[in-house]
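First to last, the protein sequences are chains A and B.
Numbering (our numbering) for the first sequence: 37 to 150.
Numbering (our numbering) for the second sequence: 95 to 205.
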Amino acid sequence: KAGVTQTPRYLIKTRGQQVTLSCSPISGHRSVSWYQQTPGQGLQFLFEYFSETQRNKGNFPGRFSGRQFSNSRSEMNVSTLELGDSALYLCASSSTGNSNEKLFFGSGTQLSVL
Amino acid sequence: GNSVTQMEGPVTLSEEAFLTINCTYTATGYPSLFWYVQYPGEGLQLLLKATKADDKGSNKGFEATYRKETTSFHLEKGSVQVSDSAVYFCALGDGGFKTIFGAGTRLFVKA
């Protein structure tokens with residue numbers, strides 16, 4: 037069974053641009069969560085989607101948005117990039133998204149904003 | 095609100111040393127608790143979990159016990175190997191649809 041796939045693996049953007057990151061969950065998983073990982077801050081929760089509905093959102097500005105498609109694949113978008121958005125963005129999937137479930141993580145997208 | 099606090103790293107040990115990484119949490123109710131590990135260049139993977147008080151999670155020689163009275167879930171291993179070098183994250187499930195992670199503790203094991 038294929039794992040969680042995130043594309044692209046690396047991205048370099050400049051301030052003010054926008055970026056779209058993609059995540060394909062494990063087959064059969066309907067919940068996708070997104071996290072931002074930075075040194076010293078650990079993983080900060082961005083949002084969680086289940087069956088195309090956002091059920092939970094973290095404390096991030098409106099520049100960060102996401103969506104989920106009918107095949108459970110998810111994208112997140114960051115508009116008007118700032119230097120502080122440089123981070124590893126991790127996607128995780130699970131069967132139902134219930135918080136007592138194990139999360140399966142992708143390898144992440146490393147975003148650098150110059 | 096719910097939160098997780100874990101000891102700052104890095105932690106540097108010699109091979110075969112005893113490992114403890116402290117983790118405490120703040121939560122209402124009875125959250126599920128997890129330890130995840132991240133190897134260089136990879137995403138996180140579950141190491142172990144516990145879902146109720148006094149449960150002990152274990153895997154690959156690592157153990158952690160859910161202590162409700164001290165709101166702790168410390169990670170231990172009796173004899174570490176070089177291959178255990180990684181970043182370890184303590185986490186809790188908030189009872190809804192969110193898993194909250196600590197800041198991570200980097201472990202270096204020297205041969």
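Where is the CB? At the ideal position from N, CA and C, for every residue including glycine.
These figures come from a predicted structure and were not determined experimentally.
In the three-state DSSP reduction, B/LEU127 falls in the strand class (E or B). With a threshold of 9 Å between beta carbons, A/GLN104 makes no contact with chain B. Spanning the alpha carbons of A/ARG66 and A/SER87 requires a straight line of approximately 6 Å.
The beta carbons of A/VAL114 and A/LEU57 sit closer together than 9 Å. A straight line joining the alpha-carbon of A/ARG91 with that of B/PHE191 spans about 7 Å.
In the three-state reduction of the DSSP assignment, A/GLY142 falls in the coil class.
A distance below 6 Å between beta-carbons, with the five flanking residues on each side excluded, links A/ARG109 to the following residues of its chain, in chain order: SER60. Chain order gives the chain A residues near B/LYS143 as ASN136, LYS138, where near means a beta carbon separation below 9 Å.
The beta carbon of A/ALA128 falls within 9 Å of a beta carbon belonging to chain B, placing the residue at that interface. B/GLU136 belongs to the set of residues whose beta carbon lies under 9 Å from a beta carbon in chain A. Residue nearest to A/SER129 within the set B/CYS184, B/GLU102, B/ALA185, B/THR193 is B/THR193 (criterion: CA-CA distance). Residues VAL98, TYR130, PHE183, CYS184, ALA185 of the same chain have their beta carbon placed closer than 8 Å to that of B/PHE195, with the five preceding and five following residues left out of the count.
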